[in-house]
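Visitor: My questions will all concern the structure given below.
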Amino acid sequence: MPNMVTITVDGARIQTPEGTSVLDAALEAGICIPNLCHLVGVEPIGACRVCLVEVVEDGRRRMTASCTLEARDGLVIEAHSEAVMRARRNIVELLLAEAPNSRAIQDLAVRVGVKAVRYPMRNNTCVLCGRCVRVCDEIWQSKSLGFVGRGTDRHVALPFNKRPDLCKRCNNCVEVCPMTITPCPGPMAEPRICGLCESQLTMVENIPDTCVWCELGRGFQCARWQRRGLLSKV
Amino acid sequence: MTLSSGTCGQASGSLAVLRALQQALEEQGLAEKVHVRVTGCQGFCQEEPLVTIQPLDVLYCSVKPEDAAEIVAESLANGRIVERLCYRDPLTGRLVTTAAELPFFAKQDRELIGRNQFVDPCDIRDYIAAGGYAALAKVLTQMDPEKVIEEVKASGLRGRGGGGYPTGRKWEQCRVAPGCEHYVICNADEGDPGAYMDRGLLEGNPHLILEGMAIGAYAVGARQGFVYVRNEYPLAVEHTRTAIAQARELGLLGERILGTDFSFDVKVARGGGAFVCGESTALVASLEGKVGEPRPKDVHLVEHGYLDQPTVLNNVETWANVPPILLNGSGWFAAKGTEKSKGTKIFALTGQVKNTGLVEVEMGTTLREIIFDIGGGPVNGRQIKAVQTGGPSGGCLPVSLFDLPVDYEALTAAGSMMGSGGMVVMDDSACMVDVAKYFLRFLKDESCGKCVPCRLGIDRMLEILTDISEGRGRADQLGVLEELAWTMSVGSLCALGKTAPNPVLSTLRYFRDEYEAHLNERRCPAGVCQALRSYFIDPELCSECGVCLDTCPEGAIVEDRPFRIDEMLCKRCGLCEEACPAAAIRRV
Numbered sequence: 001m002p003n004m005v006t007i008t009v010d011g012a013r014i015q016t017p018e019g020t021s022v023l024d025a026a027l028e029a030g031i032c033i034p035n036l037c038h039l040v041g042v043e044p045i046g047a048c049r050v051c052l053v054e055v056v057e058d059g060r061r062r063m064t065a066s067c068t069l070e071a072r073d074g075l076v077i078e079a080h081s082e083a084v085m086r087a088r089r090n091i092v093e094l095l096l097a098e099a100p101n102s103r104a105i106q107d108l109a110v111r112v113g114v115k116a117v118r119y120p121m122r123n124n125t126c127v128l129c130g131r132c133v134r135v136c137d138e139i140w141q142s143k144s145l146g147f148v149g150r151g152t153d154r155h156v157a158l159p160f161n162k163r164p165d166l167c168k169r170c171n172n173c174v175e176v177c178p179m180t181i182t183p184c185p186g187p188m189a190e191p192r193i194c195g196l197c198e199s200q201l202t203m204v205e206n207i208p209d210t211c212v213w214c215e216l217g218r219g220f221q222c223a224r225w226q227r228r229g230l231l232s233k234v
Numbered sequence: 235m236t237l238s239s240g241t242c243g244q245a246s247g248s249l250a251v252l253r254a255l256q257q258a259l260e261e262q263g264l265a266e267k268v269h270v271r272v273t274g275c276q277g278f279c280q281e282e283p284l285v286t287i288q289p290l291d292v293l294y295c296s297v298k299p300e301d302a303a304e305i306v307a308e309s310l311a312n313g314r315i316v317e318r319l320c321y322r323d324p325l326t327g328r329l330v331t332t333a334a335e336l337p338f339f340a341k342q343d344r345e346l347i348g349r350n351q352f353v354d355p356c357d358i359r360d361y362i363a364a365g366g367y368a369a370l371a372k373v374l375t376q377m378d379p380e381k382v383i384e385e386v387k388a389s390g391l392r393g394r395g396g397g398g399y400p401t402g403r404k405w406e407q408c409r410v411a412p413g414c415e416h417y418v419i420c421n422a423d424e425g426d427p428g429a430y431m432d433r434g435l436l437e438g439n440p441h442l443i444l445e446g447m448a449i450g451a452y453a454v455g456a457r458q459g460f461v462y463v464r465n466e467y468p469l470a471v472e473h474t475r476t477a478i479a480q481a482r483e484l485g486l487l488g489e490r491i492l493g494t495d496f497s498f499d500v501k502v503a504r505g506g507g508a509f510v511c512g513e514s515t516a517l518v519a520s521l522e523g524k525v526g527e528p529r530p531k532d533v534h535l536v537e538h539g540y541l542d543q544p545t546v547l548n549n550v551e552t553w554a555n556v557p558p559i560l561l562n563g564s565g566w567f568a569a570k571g572t573e574k575s576k577g578t579k580i581f582a583l584t585g586q587v588k589n590t591g592l593v594e595v596e597m598g599t600t601l602r603e604i605i606f607d608i609g610g611g612p613v614n615g616r617q618i619k620a621v622q623t624g625g626p627s628g629g630c631l632p633v634s635l636f637d638l639p640v641d642y643e644a645l646t647a648a649g650s651m652m653g654s655g656g657m658v659v660m661d662d663s664a665c666m667v668d669v670a671k672y673f674l675r676f677l678k679d680e681s682c683g684k685c686v687p688c689r690l691g692i693d694r695m696l697e698i699l700t701d702i703s704e705g706r707g708r709a710d711q712l713g714v715l716e717e718l719a720w721t722m723s724v725g726s727l728c729a730l731g732k733t734a735p736n737p738v739l740s741t742l743r744y745f746r747d748e749y750e751a752h753l754n755e756r757r758c759p760a761g762v763c764q765a766l767r768s769y770f771i772d773p774e775l776c777s778e779c780g781v782c783l784d785t786c787p788e789g790a791i792v793e794d795r796p797f798r799i800d801e802m803l804c805k806r807c808g809l810c811e812e813a814c815p816a817a818a819i820r821r822v
């Protein structure tokens, strides 16, 4: 039996085994902290910064990603404070402007309350969440994918742009990609949050930041989907 | 005699001067009697190469190879001063013969950089003769590690790389952290544009850093140290390697140092030129052979650093401060500086000032003193407008704040930061939007691209700034900039992303009028932003010589009476302005 620690997330006291990340603990308890690069079973890298939370310590607040934050006894977390939601909204807005055609990111945007995008849309297909890279490396021990380049040149590529022998074409990288969880039929008619497919934007317009049963959640094994028993039907 | 020959000196031709001096000594039969000491940078980079002659105590500036024979004949053989080569105060015209009288040096407290003058970086005997390794000997024989940490804590020394974390506390945390091996690392991956303090120290006096590291290693219980230096500093790499080899030979590094039970060795690791590798976690990743990317900071290096072992990582200047503190006591160090920032700090003063170079001042000196008294004020009779401190992620401070003391807290409160100590002075020819754009472009290239706020945030900020500077800006974009800046500062993974919006935020805070002029009037007050300026020909001055007709690549000059510029064709390159012999073409 592992040591249990108690943390407080949005006022709820959660018991979780030592060494769990705050994000996992919260999701397990049904508190949805939106996330993108997090993937059950692989090391967190804290790249997308969507799962930002505030750590309250001696009255001081510090923002950090919950996926890389290890649960310690007595940790007090604010996952839905004003500042957190604002930062999260801005970050998802950046992601959405980068890859507007991803249904997963659209859902995420709706979930965190992005109403409009203030930047010119780009039609990129990758947001560098690194899910494929880590699955390939950590689950399949294949290292057939990796990050190449720095800054805005960063992209995911095969070693020397050739498919290595270690790659067994398991297709796992494609399965975990947020662009393919449910690909949007796209292209969008207008550069705005889609609304063409059955995005729940209209549904939650008046009550932002509620669970929209996002497709992303299903792909990410959100606790709510698990409880509904829908995961098995995917 | 001493010849300064750091990277800056060599760029000014010090190696040719050295050959000429040696030849002159040879010819005049003085080669046996005179020792030429080749030192690192002495700080006054503007007037390199510098030649000092003892015991005459005279300083010659900007020495050329052809001056060598005269110097040897006059000063060395006859003991006379060659006035032609001495520094002349540009304001008073007074002749300055000694280094101590130099106005550039007078207001400084050259505790660390001043040592460069007495040390040949490739000769350990010079360093020992100047009192080197005495602190290490004292520490190893008279103090236990706890005492060393206490002493450093009491001195109030804080990290000179920019963060300002108390060094003593860092060492203590590392000492108590469990691990089978402890490491110390010296961060010499200095990448800020216009900053070269660490280079000056490491290539001018490598033993000082090695001694500091050995003391640190003794305090935290490390047996292995690394100097992570960027490969663009070949001289620093070479000098550090030579210094390590010499120290090993004399038993000052290696097994059982000075006959005690303490063993410690240092390796040089060369960085591949990524700015982000100056960030501590990225540096350690790079040292381990991984991709140089930062990792989340919730786990500290002092517990899980190099190879997951407790590691102390300090900046070159921090290490350099250690030996004097241990030798002279913490009280000596703590007596200098302000309440929370102690000691001295080296700045690389560059940009639009008369005297550029490495400036070491006591903490608490005001920016005005550094820029006007030491730096000598603006060049070409222009007005100084702002100073950019702390490298690309620092901020621009306006003249009205020049009475701010150099102090970690004061600079941070003003929206800039101490950083590693770059100081770029800008005069009224600089457009602040363009300056912010320049630094963002640098950061865009140097961001590792791992986390979203930094990668996409910088990209979008640059996009907006480009819009503004090219006349496509909208008034609401300033709000977007501020919102983005806030998101980046709270949400980014490492300090690079967290501080990246500083250039934009500080210029928005102090020079908002310039942004508004770009946005509302489509005008660049400094006339820098190409798309927003236009040229006209003053008919009063124009002599209709036709030079501009030949110069303009676009054929935009219309040969009317008088000449005029076709606004539709003009690409605003400014070639005609430069070419016009009558200065009739003006920028508006």
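Keeping their order, the protein sequence lines are chains G and P. Heads up: the first sequence at position 168 corresponds to 168 in the working numbering, and the numbers run straight through without jumps. Heads up: the second sequence at position 405 corresponds to 639 in the working numbering, and the numbers run straight through without jumps. For each residue, glycine too, the CB sits at the ideal point set by N, CA and C. From a predicted model like this one, the values you see are computed outputs, not experimental measurements.
How many angstroms separate the CA atom of P/Leu638 from the CA atom of P/Ala644?
Guide: In a straight line, the C-alpha of P/Leu638 is about 7 Å away from that of P/Ala644.
Visitor: Distance cutoff 8 Å, beta carbons only. Does G/Gly59 sit that close to anything in chain P?
Guide: By this cut-off, G/Gly59 is not an interface position.
Visitor: Quick one: list the residues of chain P neighbouring G/Ile91, beta-carbon separation under 8 Å, in chain order.
Guide: Within 8 Å Cβ-Cβ: Val686, Pro687, Thr721 and Gly725.
Visitor: Along the segment 91-115 of chain G, where does the CB come closer than 7 Å to a CB of chain P? Name the residues.
Guide: Here the close residues are Ile91, Leu94, Leu95 and Glu98.
Visitor: Quick check: P/Gly598 and P/Thr572, are their CB atoms within less than 8 Å of each other?
Guide: Yes, these two residues count as a Cβ contact at 8 Å.
Visitor: Give me the chain G residues within the contact set of P/Pro530, using Cβ-Cβ distance strictly less than 7 Å, ordered along the chain.
Guide: Neighbours of P/Pro530 on chain G, chain order: Gly46, Ala65 and Thr68.
Visitor: Taking the alpha helix (DSSP H) that P/Glu384 belongs to, which residues open and close that run?
Guide: Pro379 to Ser389 is the extent of the alpha helix (DSSP H) around P/Glu384.
Visitor: Anything in the segment 617-651 of chain P with a Cβ closer than 8 Å to a Cβ of chain G? List those residues in chain order, please.
Guide: Of all residues in the segment 617-651 of chain P, none has a Cβ within less than 8 Å of some Cβ in chain G.
Visitor: List, in chain order, every chain G residue whose beta-carbon is nearer than 8 Å to that of P/Ala508.
Guide: Simply Arg150.
Visitor: Leaving out five residues on either side along the sequence, give the residues of the same chain with a beta carbon under 8 Å from the beta carbon of P/Glu603.
Guide: Here the set comprises Lys341 and Val595.
Visitor: For chain G, is any of its Cβ atoms less than 8 Å away from the one on P/Cys682?
Guide: So yes, P/Cys682 belongs to the interface.
Visitor: Does the beta carbon of P/Leu329 come closer than 8 Å to any beta carbon on chain G?
Guide: With 8 Å as the cut-off, P/Leu329 does not count as an interface residue toward chain G.
Visitor: So which of P/Thr700, P/Glu282 and P/Arg746 has the shortest CA-CA distance to P/Leu828?
Guide: Nothing in the structure corresponds to residue 828 of chain P, since chain P is present only between 235 and 822.
Visitor: Pop quiz: P/Leu374 and P/Thr494 are said to be a contact at Cβ under 8 Å. What is the actual Cβ separation, rounded to whole angstroms?
Guide: 5 Å between Cβ atoms; contact.
Visitor: Identify whether G/Ser102 lies in helix, strand or coil by the three-state DSSP scheme.
Guide: Looking at G/Ser102 - three-state DSSP - the assignment turns out to be strand.
Visitor: Taking only three categories from DSSP, how would you classify G/Gly146?
Guide: If DSSP states are grouped into helix, strand and coil, G/Gly146 belongs with the strands.
Visitor: Could you check what DSSP says for P/Met431 in three-state terms: helix, strand or coil?
Guide: Helix.
Visitor: Can you name, in chain order, every residue of its own chain whose Cβ lies under 8 Å from the Cβ of P/Glu406, other than the five neighbours on each side?
Guide: Counting only Cβ-Cβ distances below 8 Å, and skipping sequence neighbours, we find Ile383 and Lys387.
Visitor: Considering only the beta carbon of each residue, do P/Ser703 and P/Val667 sit closer than 8 Å?
Guide: Yes, Cβ-Cβ distance for P/Ser703 and P/Val667 is below 8 Å.
Visitor: List, from N- to C-terminal side, the alpha helix (DSSP H) runs of 4 residues or more that fit wholly inside the segment 512-557 of chain P.
Guide: For the segment 512-557 of chain P, whole alpha helix (DSSP H) runs of length 4 or above, ordered along the chain, are 514-521.
Visitor: Using the beta-carbon count (16 or more within 10 Å), is G/Glu18 buried or exposed?
Guide: Flag for G/Glu18 reads exposed.
Visitor: From this set, G/Ala71, G/Leu95, G/Glu43 and G/Glu175, which residue's C-alpha is nearest G/Val50's C-alpha?
Guide: Minimum Cα distance to G/Val50 is reached at G/Leu95.
Visitor: Per DSSP, what are the beta-bridge partners of P/Gly505 in this structure?
Guide: Bridge partners of P/Gly505: P/Arg464.
Visitor: What would DSSP say about G/His155, mapped onto helix, strand or coil?
Guide: Strand, per DSSP.
Visitor: Taking the DSSP output, what are the residues bridged to P/Pro612?
Guide: BP columns for P/Pro612 point to P/Val587.
Visitor: What are the residues of the segment 546-573 of chain P that lie near chain G, defined by any Cβ-Cβ distance shorter than 8 Å?
Guide: Answer set for the segment 546-573 of chain P: empty.
Visitor: Is it buried or exposed, G/Pro183, if we count other Cβ atoms within 10 angstroms and call 16 or more buried?
Guide: Confidence is the limiting factor: at G/Pro183 the pLDDT is only 46, short of 50, which leaves the residue's position unreliable, though a coordinate-based value still follows. It is exposed - the Cβ of G/Pro183 has fewer than 16 other Cβ atoms within 10 Å.
Visitor: Identify the contact partners of G/Ala87 in chain P, using a Cβ-Cβ distance below 9 Å as the criterion.
Guide: In chain order: Pro687, Trp720, Thr721, Val724 and Gly725.
Visitor: For P/Met802, decide whether its Cβ has a neighbour in chain G, counting only Cβ atoms nearer than 8 Å.
Guide: It does not: the Cβ of P/Met802 has no partner Cβ on chain G nearer than 8 Å.
Visitor: Who are the neighbours of P/Leu690 on chain G, taking C-beta pairs under 7 Å?
Guide: Ordered by position in chain G, the residues that pass the 7 Å Cβ test against P/Leu690 are Leu94 and Glu98.
Visitor: Alpha carbon to alpha carbon, how far is P/Arg821 from P/Phe673?
Guide: If I take the Cα positions, the gap works out to 25 Å.
Visitor: What would DSSP say about G/Cys170, mapped onto helix, strand or coil?
Guide: Coil, per DSSP.
Visitor: Can you tell me whether P/Ser650 is helix, strand or coil according to DSSP?
Guide: If DSSP states are grouped into helix, strand and coil, P/Ser650 belongs with coil.
Visitor: Measure from the C-beta of P/Glu717 to each C-beta in chain G and report whether the shortest distance is under 8 Å.
Guide: With 8 Å as the cut-off, P/Glu717 counts as an interface residue toward chain G.
Visitor: Pull up the distance between the alpha-carbon of P/Val272 and that of P/Gly656, whole angstroms please.
Guide: Their Cα atoms are separated by approximately 26 Å.
Visitor: Grouping DSSP H, G and I as helix and E and B as strand, with all else coil, what is P/Lys576?
Guide: Strand at P/Lys576.
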